[in-house]
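S.K.: Before I ask anything, let me first share the structure, which is written out below as structure tokens.
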Amino acid sequence: MSLQKPVMRNLLGKRLRFHLPIAFALSIVAAAAFKYGVTEPRKQAYADFYKQYDAVKEFDAMREAGIFESVRPSGE
Amino acid sequence: MLSSRALVCALRRGVWRPLSTASCVQQAARGQDMSADVLDCTVPQYVCRLDTPLPDVPFVTNLTPDQQLLKEREQGDWSQLTKEEKLALYRLSHQLSYPEMRQGSLEWKTVLGGVFFLLGFSGLLVWWQRVYVYGDVPHTLSSDWVEKQTQRMIDMRVNPVHGFSVNWDYENKCWK
Chain S
1 MSLQKPVMRN
11 LLGKRLRFHL
21 PIAFALSIVA
31 AAAFKYGVTE
41 PRKQAYADFY
51 KQYDAVKEFD
61 AMREAGIFES
71 VRPSGE
Chain R
77 MLSSRALVCA
87 LRRGVWRPLS
97 TASCVQQAAR
107 GQDMSADVLD
117 CTVPQYVCRL
127 DTPLPDVPFV
137 TNLTPDQQLL
147 KEREQGDWSQ
157 LTKEEKLALY
167 RLSHQLSYPE
177 MRQGSLEWKT
187 VLGGVFFLLG
197 FSGLLVWWQR
207 VYVYGDVPHT
217 LSSDWVEKQT
227 QRMIDMRVNP
237 VHGFSVNWDY
247 ENKCWK
């Protein structure tokens, strides 16, 4: 019995033609998922926080708590 | 100085030989031939490797007379040989067949078991070290200090968007 001649050519090309589009597609999906799952909600959360932020009120509250060294609470 | 001279003279006079436990010295003392288990690397070797289908030398080189007869018959027509003879010729030139080379062993169980056992033993050593070697933990990790530290972090509004202070209810002065 004689064996069939094994495939000798085009091995890398075939592999690349199959795997490269999948690799690119998955990478783009991963990047998009991270952008819309993590960074956009994060940016929105910060925007919402600072929309209603009263800096002076916060500063006074922190001052009364006594954490600053340059301004002491109003009682002292 | 004199003692080292005496030591060197004694060594030269062969005091070392009966004391040494090295197997080669013991074998030489018994007058045995050392060449049996020593690999002669100056001649081609037989190797059993998946990537070397045709090794440099056959596996069996010292043929019995029966095997020599078989080898001579190999020079002739192969269809005259029976299946057992062909297998015998294969085993003369190769130690293992490809499936035999490829088969794995159950060694991984021993390896994994040994790894886990040693990890456990290391854990015991680390525990002993924690109890008997290490000194006291810094005072900044005491519960009193951590309480004051947490209060200060809340007052400073640490991470008010996503992190720490967002979980504190400033109206009711408690965790949300």
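Respectively, the protein sequence lines represent chains S and R. Residue 11 in the working numbering sits at position 11 of the first sequence, with consecutive numbering throughout. Residue 233 in the working numbering sits at position 157 of the second sequence, with consecutive numbering throughout. We put the CB at the ideal spot given by N, CA and C, even for glycine. From a predicted model like this one, the values you see are computed outputs, not experimental measurements.
Please name the residue, chosen from S/18, S/46, S/31, that lies closest to residue 242 of chain R on a Cα-to-Cα basis.
M.R.: Nearest of S/18, S/46, S/31 to residue 242 of chain R, Cα basis: S/46.
S.K.: Contact defined as beta carbons within less than 8 angstroms: I believe residue 119 of chain R pairs with residue 131 of chain R. What is the distance between those atoms, to the nearest angstrom?
M.R.: Actually they do not touch by this definition, with Cβ atoms about 13 angstroms apart.
S.K.: In chain R, which residues lie with their C-beta within 8 angstroms of the C-beta of residue 49 of chain S?
M.R.: Going along chain R in sequence order, the residues near residue 49 of chain S (Cβ under 8 angstroms) are 236, 237.
S.K.: Please report the distance separating the alpha-carbon of residue 237 of chain R from that of residue 191 of chain R.
M.R.: So the alpha carbons of these two residues sit roughly 45 angstroms apart.
S.K.: According to the neighbour-count rule (16 or more other Cβ atoms, all chains shown, within 10 Å of its Cβ), is residue 215 of chain R buried or exposed?
M.R.: Under this definition residue 215 of chain R is an exposed residue.
S.K.: Output yes if chain S places a C-beta closer than 7 angstroms to the C-beta of residue 245 of chain R; else output no.
M.R.: Taking Cβ atoms only, chain S never reaches closer than 7 angstroms to residue 245 of chain R, which makes this a no.
S.K.: Going by DSSP, which residues form a beta bridge with residue 116 of chain R?
M.R.: Its beta-bridge partners do not exist; DSSP assigns none.
S.K.: Of the choices S/69, S/64, S/7, whose alpha-carbon is the least far from that of residue 75 of chain S?
M.R.: With distances taken between Cα atoms, residue 75 of chain S lies closest to S/64.
S.K.: Could you tell me whether the Cβ of residue 65 of chain S comes closer than 7 angstroms to any Cβ of chain R?
M.R.: Yes, because at least one Cβ of chain R sits closer than 7 angstroms to the Cβ of residue 65 of chain S.
S.K.: Within 7 angstroms (strictly less), CB to CB, does residue 45 of chain S reach chain R?
M.R.: Yes, because at least one Cβ of chain R sits closer than 7 angstroms to the Cβ of residue 45 of chain S.
S.K.: List, in order along the chain, the chain S residues whose C-beta lies closer than 9 angstroms to that of residue 232 of chain R?
M.R.: Within 9 angstroms Cβ-Cβ: 62, 65, 67.
S.K.: Please list the partners that residue 58 of chain S has in chain R, where partner means a Cβ-to-Cβ separation under 7 angstroms.
M.R.: Residues of chain R passing the Cβ test: 233.
S.K.: Could you check where the alpha helix (DSSP H) with residue 198 of chain R kicks off and where it finishes?
M.R.: Looking at the DSSP string, the run of the alpha helix (DSSP H) that includes residue 198 of chain R is 183–208.
S.K.: DSSP state of residue 258 of chain R, grouped into three classes?
M.R.: Nothing in the structure corresponds to residue 258 of chain R, since chain R is present only between 77 and 252.
S.K.: For residue 199 of chain R and residue 187 of chain R, I'd like the C-alpha separation in whole angstroms.
M.R.: Answer to the nearest angstrom: the Cα atoms are 18 angstroms apart.
S.K.: Can you pull the chain S neighbours of residue 228 of chain R, defined as C-beta to C-beta under 7 angstroms?
M.R.: Within chain S, the residues near residue 228 of chain R are 67.
S.K.: Out of R/246, R/140, R/248, R/232, which has the shortest C-alpha to C-alpha gap to residue 69 of chain S?
M.R.: For the residues R/246, R/140, R/248, R/232, the minimum Cα distance to residue 69 of chain S belongs to R/232.
S.K.: Pull up the distance between the alpha-carbon of residue 37 of chain S and that of residue 7 of chain S, whole angstroms please.
M.R.: Taking the straight line joining both Cα atoms gives about 45 angstroms.
S.K.: DSSP three-state call for residue 226 of chain R: helix, strand or coil?
M.R.: The answer is helix: DSSP assigns residue 226 of chain R an H, G or I state.
S.K.: Is residue 170 of chain R buried or exposed, if buried means 16 or more other CB atoms sit within 10 Å of its CB?
M.R.: Counting Cβ neighbours within 10 Å, residue 170 of chain R comes out buried, since at least 16 surround it.
S.K.: Which of helix, strand or coil does DSSP assign to residue 128 of chain R?
M.R.: Reduced to three states, the DSSP call for residue 128 of chain R is strand.
S.K.: Hey, out of R/224, R/175, R/251, R/139, whose CA is closest to residue 129 of chain R's CA?
M.R.: Minimum Cα distance to residue 129 of chain R is reached at R/175.
S.K.: Using the C-alpha atoms, what's the distance from residue 228 of chain R back to residue 234 of chain R?
M.R.: The straight-line gap from Cα to Cα measures roughly 9 angstroms.
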